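Notes to accompany the following structure.
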Amino acid sequence: MAMASASAAVDDMRALLQRMQHHDKDERYMAISDLKSMIESLPNLDAAMQATVRQEIFKRLQDSSSDVQAIALNCLCSIVQKFETSEVIEIVSALGSLSRTGDASLRDMYAEGLRVILDYVPVDLGELVTKQLLPPILKILRRDQGADRESYETDRAPCLVLLQSLMGHFPSSSFGDAHLQDILAILLGLLGTDAHDDTSIPILIKSFAGIATPSMLDQLVRHLIGQAPQQGNQSRRTAALVFTLECVCLKVGARMAPYIAQLVPVLESLAQLRHAPALSDAEETIVSVRQHALTIFESLVASSPKQMTPFVAGLVKLTLSLLPLDPNFVADDDETMTDADGEWDDGGGDGDDWGLEVDATGADDAGDTTWKVRLASCNVLIALVEAHDLAAVVIKALPDIVDAARQRLAEREPAVQTQVFSVIAVACRNAPLLDAAAHSAGSATGVIAKACPALVASLMHHLGSASTSASLPATTTLLELIRAIRPPTGLVLAPVLQVCRDGRDVSVQMVALEALREVLASASPPDIDVPAVVTTLTDPSMTNAKLQPGVFAAMAAVCHAVRGRPVDLSAILRTVLALPSEGACRVLSVYVASGHGSDQGVVQVVVERLLTLAQDKSCRVAAVHALTTMARGEYAPDALSAYASSCTTAALDLLDAKEPGLLYEVVDLVDAYLGKFASAFQQPVLYRALTTLSSLQSSLMSASEADAALLTIVASVLANLLARVQAVPEPVVTGIVNLSCDAIAKSETLPRPALAALNAVLASIATLSGGKYYASLLSRLTDLSKRPGFPPACYSPLAVAIATCMTRGAADSLDAAVTSLLQTFQDPNADRQLSLFVIGAVGERHRLPGAQVQALFPLLLSLASDGNESVKAAASTALGQCAAGNNVLIAPIVANLETHDAANSYFLLHSLKELLVNSATLHVQRDHLDAFARILWRYAESADEGVRLMVSECLGKLLILAPDVMVPDAESHLSSSSPRTLSTVVTAFAFSFSSPVVSSVSPGRILALLSASDIEVQRQAFIAVTAMLQSASRRLLTRQHVLDVIVPAVLGSVRVRHELIRQIDFGQFKETVDEGLVLRLAAYGCLRVLRDVVTGADVVPFARAVLDAMSKHGLGDPDRDLHLQAYDLILWVSSTIPHSEPLGFLEDLPDRMMPAVKARLTQLKRSPADSDARAALLAFVRTMHALHSLSGVVTECPKFHVFYQQVLKTAVLAEMLDGLTAKPRRSSP
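Using the numbering used here, read the sequence shown as starting at 193 and increasing by one per residue.
Listed below in structure tokens is the structure:
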């Protein structure tokens, strides 16, 4: 079938090629269009057909119809993406030749077609393409103009266009250094000539800068800076030169950092205001120079803020002097504005036309382009405020920046005016971020707060403007101001309400409504002008459909803001009752829940309205949620209790809809009303809820993936209902029991809250009808473990369920049940493991009779030697649990441990651990704790590592229970000469750090063990420190502890200690044992946590230290996982280093990386399926790509850059990189 289909496609294609010869141009056009679609849809064409298609399409490039020519060119764009490399190169070569030597009337078309096609040629064909096109292009561009200048210009223009396309599409590796050097020489030759005045030359240089090597870029930039004239010589050529510098800066970004010290003074000199100008400030060349210079400054601030730091003060001064540059502006009665003090101000500062001399020959408004300078000035100020690395310097200048922008709000040019507003808005938005970055070096928020009254007064002139270009940014700026500093309500509420009522522009009103919500969210209730807010929100101008979401949100906000206060919001209620929408539901619920609808009549109206809206599919979920919100509200009225049954019935009726989100909302509603108004429910409603929710539970359990959250709340509500419904029918009970048992059988997939809710359901059933179902329920649960394939992980949840039911029954029933459990151990067919789990669960919840306790200890201890390990573990756990609830069992545990009975010690220590981790032991007497400590220290020297670990866990719990006694005791053992004791006590501290309570340990004693001579002690010290860093006890560690002790110890321990690597000869084979691996694993674990601990100014030095350690030691680690972790840590370094940080330290990486990379390459060559070698090389490539992507690497790290280029030339590594960057490669011929 596939072959037949392919054959049919070829036949169709041949038919289209035939149609392309048709005399009707429309037929030819459609044939090419269909052919293009077919080429794009077919996977491959054979070589012969590809050549035929290419030849026929080329003929159509000379078609008499321009439309056919255009579609043929478009078809070639598809061809170069689908055809073989040889065909692509043939197309490019032919078009290149035709653009130079073809029909003179068609050359421009060929050149333009080639330019378009180049954008579609796969990037990895760049070297082949440039080999065909570049030599003739360079030959023409190097040609002497001679006498025939016109011919030269004609030939040169398309060559420049093609050269730009080549450089813009293909990477530098496609050109070769020799060709790049030739291109640079040609470009430098064009600088300063008449050709440079054309904007195409700066754009061409911009493309070259993107692919230039570091040395070539250096040559280019230094030449450009050297060509810059001094102030006063602001010719058209100067403007072209500055524009060229702008193009280069925008292209290379942070690679301009090394030239900032030379570049900034030159640009400042060219851009500054002149005191004795020869030309008007509106002169086009002067405007152009200043505009481009300011754009360069904007780029430098964004890409290299650290290097710009020394120049920020001067840059701010220059920018603020240019911001009001408007030589032709003369203030009249319509354009004057008042300052913050109410005095008239023409915006000119001292009244001298902003310090400018207005040339009588200046351009009029129609030809004035100085707005470009003002716009660029705004962009520079925005870049400065957004450069958080310059926070300390920018905050000092922020008062002047904000005030200058405020005074310029009357800007005449709409585009500039919008950016002036943006300066203030961005300053407000970034103020908290600047404060955080400045480290107490100033307060940007304080600056904004101080300027707030003046800002609001100035914004008032524009908030009600008839022009959206002024009113929208003014309102947005006010919103950002409110968010930034939460100004006094009285200052901003009235302006915000004024804009809300202004119905001229919906977009402005929408922003104003958002501002109103922000004001109400932070306002103190007495400061809110409630009548004004209500009048505004119920105004007819607010009825627009686009405004409704914002209006509803503001209504809810005001209801919540004045909750519990006697204010009149009835107008809001009347308005909302008439509007059917989700937003209306929320307002109604907040209105009642906030105490504004305590009247019986209001509650009735709201409930009836919400019940009506619940029948509307578009509002159903929102209406049910609103009814729930009312019941859970802080000020929910008692009058709502009368509607508990009707609301619940209506919600249950909706379950049949089975809409997403509706199930949870309905169950949540039942839970809310049942919890708050239980006594108001009628029995039929309760019974209906019980049967409906039990059915819902059934459907949830039968689903492939149970919704744990919904199942939890359903079970919780069922338990509540079972306790309140009278005379529950037995079939309903049986169904619920069956479903609950099924859930317990799947308990390994359910969270604890769901299991707890299910247990509550079962416990409620156990007490129904005076315990009618108690015995049958226990029997049903006990038999559950006999199901075929019952998961062992479900024993514990099942035991808890049984114990919960047993403890809810009568005391005599419980005693009888426990006695029956003890007797099961005499039955060889009984499930002893389940019985032990149940005994433990009952024992920790219930005080057992004395006779049962006396029989319990010897019974459980006898199982310490049981041959079944699962039974033995369950018995030990049960003993500890029973001791937690029955302290009389503690004494025999202690007594037996003091005999140091090796046979039972681990069993009893495990019981002791269960006792100590149980919350009931908080009330254990101090005498017992002392005995526990005495026994545990004795076992701390055990040769059994498992025993010592158990001891550590018990000691850790004692450190939490009795820190005043145990911490000094444990610290004294830190001086022990025994490695076993040291390891045990340090591990105990690690366990204690898991507590949310801050430990009182002295960290220095533990930190000293990071350099212990015993590897196990050192490992446990790292684990303890890691636990401390991740817990509340982290507060015990100072910055010096982290930087001067922990970090050096960790980085020193990642080193591979070859003296600890040895080989064990097992005769037929040898095994390598690395005894230092456990220490390195602990060190790496601590190092990963330190990434989140070290902050602020310490991050960069720490990151560099991590990079040094990983490159020296981690990359050569023989352990696969640690080798990969080393690359992950280096990746973290690449994401942590600020873009302004010098990157020279990367130059050492190539020498350190190469040995491991070569070894992995050899390993992969020997065994291509070696997953370890492939994983390591993939991590290497990912890391190299991330590091090479850092801004400035190419300039600052030439050795690293060359190394990366070598990686790209290694086939297997290049293939991995392509996989990471999702760029498919194509093979060359």
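Backbone N, C-alpha and C fix where the C-beta goes; we use that ideal spot for every residue, glycine too. On a predicted model such as this, the values are computed, not experimentally measured, just so you know.
With 16 other CB atoms within 10 Å as the buried threshold, where does residue i fall?
{"i": "A339", "result": "The pLDDT assigned to A339 is 48, lower than 50, so where the model puts this residue is not dependable, and the model offers no usable value."}
{"i": "C777", "result": "buried"}
{"i": "N1021", "result": "exposed"}
{"i": "H788", "result": "buried"}
{"i": "D542", "result": "Because the pLDDT of D542 is 38, which lies under 50, any placement of that residue in the model is unreliable, and the number read from its coordinates should be weighed accordingly. Burial call: exposed."}
{"i": "I1256", "result": "exposed"}
{"i": "E826", "result": "exposed"}
{"i": "S1326", "result": "buried"}
{"i": "T487", "result": "buried"}
{"i": "G1032", "result": "buried"}
{"i": "K1401", "result": "exposed"}
{"i": "V953", "result": "buried"}
{"i": "E1137", "result": "exposed"}
{"i": "Q669", "result": "Strictly speaking, residue 669 in this sequence is Thr, with Gln absent from that position. So T669 ends up on the buried side."}
{"i": "S961", "result": "exposed"}
{"i": "N622", "result": "buried"}
{"i": "E535", "result": "In this prediction, E535 scores a pLDDT of 39, lower than 50, which makes its location untrustworthy; the coordinate-derived value is nonetheless stated afterwards. The residue is exposed, with fewer than 16 neighbouring Cβ atoms inside 10 Å."}
{"i": "L1252", "result": "exposed"}
{"i": "E800", "result": "exposed"}
Let me check understanding here. Comparing Cα to Cα, which of the options lies closest to residue i?
{"i": "T681", "options": "S699, P718, S659 and L664", "result": "P718"}
{"i": "D1161", "options": "R1197, Q273, D1136 and S1187", "result": "R1197"}
{"i": "D694", "options": "S297, T728 and S1225", "result": "T728"}
{"i": "I1207", "options": "S1184, D1266, L1235 and E1407", "result": "D1266"}
{"i": "E476", "options": "R429, G402, F503 and T561", "result": "T561"}
{"i": "D934", "options": "R979, V924 and P943", "result": "R979"}
{"i": "I417", "options": "D295, V768 and P457", "result": "P457"}
{"i": "V594", "options": "L382, A641 and F1029", "result": "A641"}
{"i": "S699", "options": "K738, D1313, P772 and V1139", "result": "K738"}
{"i": "G775", "options": "N930, E1263, D760 and V813", "result": "V813"}
{"i": "L673", "options": "S810, D863, A834 and L651", "result": "L651"}
Span of the alpha helix (DSSP H) holding residue i?
{"i": "H1038", "result": "It is not in any alpha helix (DSSP H) - H1038 carries neither H nor E in the DSSP assignment."}
{"i": "V917", "result": "Element bounds for V917: n/a, residue is neither H nor E."}
{"i": "S971", "result": "Y966 to L976"}
{"i": "L507", "result": "V504 to L514"}
{"i": "D592", "result": "A583 to Q599"}
{"i": "N1079", "result": "Neither: N1079 is in no alpha helix (DSSP H) and is coded neither H nor E."}
{"i": "L1316", "result": "R1312 to T1328"}
{"i": "C439", "result": "R428 to V444"}
{"i": "A636", "result": "A636 to L655"}
{"i": "Y783", "result": "E774 to A785"}
{"i": "Y302", "result": "R299 to L310"}
{"i": "E490", "result": "E476 to S495"}
{"i": "E219", "result": "K217 to S233"}
{"i": "Y151", "result": "Since the displayed the chain opens at 193 and closes at 1421, residue 151 lies outside it and no answer follows."}
{"i": "L320", "result": "G318 to R334"}
With residue i and residue j assumed to form a contact (beta carbons below 8 Å), what rounded beta-carbon distance in angstroms separates them?
{"i": "P1195", "j": "H1233", "result": "6 Å"}
{"i": "L1241", "j": "S1203", "result": "It should be noted that the sequence gives Ala, not Leu, for residue 1241. So it is a contact: roughly 6 Å between Cβ atoms."}
{"i": "L515", "j": "R600", "result": "6 Å"}
{"i": "V272", "j": "V260", "result": "That belief does not hold up - the Cβ atoms of V272 and V260 are roughly 19 Å apart, past 8 Å."}
{"i": "A937", "j": "L976", "result": "7 Å"}
{"i": "I1085", "j": "A1075", "result": "6 Å"}
Looking at residue i and the ligand MG, is the gap between the Cβ and the nearest heavy atom below 8 Å?
{"i": "T391", "result": "Judged by which ligands are present, the structure shown has none, so any question about the ligand MG falls away."}
I'd like the ranges of any beta strand (DSSP E) spanning at least 3 consecutive residues and lying wholly in the stretch 1227-1280. 1253-1257 and 1262-1266
Whole runs of the alpha helix (DSSP H) within the stretch 336-417, excluding any shorter than 4 residues: 341-361, 369-382 and 392-403
Mind listing, in chain order, the continuous beta strand (DSSP E) runs of no fewer than 3 residues lying wholly within the stretch 675-751? none
Runs of 4 residues minimum, wholly inside the stretch 806-883: which ones carry the alpha helix (DSSP H) assignment? 812-824, 836-845 and 854-868
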